[in-house]
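Residue numbers (this note's numbering): 177 to 343.
Data first, discussion second: the structure below is written as structure tokens.
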């Protein structure tokens with residue numbers, strides 16, 4: 177852009193051909209980047225999420241991705257599950273099928289560790305539960321949730337069917 181300003185001639189400091197080449201280069205990079213983004217297949221990845229795992233669907237090695245509905249947070253603390261973080265899977269079912277046996281084994285091992293203590297506690301709670309049910313029956317506040325939870329827990333631990341007290 178040239179122009180006269182008084183006695184001086186103003187000359188632009190920008191080389192027009194260089195500006196044009198830069199704009200074309202940026203456009204090519206944008207088009208190639210878009211093609212690369214949309215041409216790469218989607219994969220499913222686990223990511224570490226708030227003490228558990230989250231399943232996300234993404235492109236470009238998981239850099240561009242979003243959580244899979246219903247599996248944004250999977251509470252699991254098994255160390256073996258952490259080994260799945262970042263590993264690509266072709267489908268969400270494949271990812272979940274890989275995680276299921278790990279979680280099942282960890283759950284089974286965890287229950288086995290506390291089973292003997294649960295049996296001890298169940299014997300102790302057998303004397304406490306009738307008093308809690310009586311308190312609930314007499315209308316004393318604050319025992320409803322505890323009675324319901326303890327009845328269900330006792331049914332699981334003792335193997336007897338759960339029959340709500342109805343108090």
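Beta carbons are placed, not taken as given, at the ideal position from N, Cα and C, and that holds for glycine.
| task | Check the DSSP bridge columns for residue 241 and list the partner residues they point to. | result | 234
| field | Nearest-angstrom Cβ-Cβ length linking residue 290 and residue 257, presumed shorter than 8 Å | value | Not quite, the Cβ-Cβ distance comes to about 20 Å (not below 8 Å), so this is no contact.
| field | Alpha-carbon spacing of residue 318 relative to residue 281, whole angstroms | value | The C-alpha of residue 281 is placed about 37 Å away from the C-alpha of residue 318.
| said: On a Cα-Cα basis, can you pick out the residue from 251, 200, 207 and 192 that is closest to residue 224? | reply: 251
| query | For the putative contact between residue 312 and residue 320, defined by C-beta atoms under 8 Å, what is the C-beta separation to the nearest angstrom? | reply | 6 Å
| request: Look at residue 220 and residue 249 and say whether their C-beta atoms are less than 8 Å apart. | output: Not a contact, by the Cβ cut-off of 8 Å.
| message | For residue 316 and residue 334, I'd like the C-alpha separation in whole angstroms. | response | Their backbone Cα atoms lie some 27 Å apart in a straight line.
| Distance between beta carbons of residue 222 and residue 195, contact taken as under 8 Å | With 8 Å as the limit, residue 195 and residue 222 do not qualify as a contact, their Cβ atoms being about 46 Å apart.
| Top-ranked residue by Cα proximity to residue 246, from 234, 235 and 230 | 230
| request: State the beta-bridge partners of residue 228 as determined by DSSP. | output: 225
| task | Report buried or exposed for residue 340, applying the criterion of at least 16 other Cβ atoms within 10 angstroms of its Cβ. | result | exposed
| message | Considering Cα atoms alone, identify which of 205, 292 and 322 is closest to residue 306. | response | 322
| field | For residue 301, the first and last residue of its enclosing alpha helix (DSSP H) | value | 268–313
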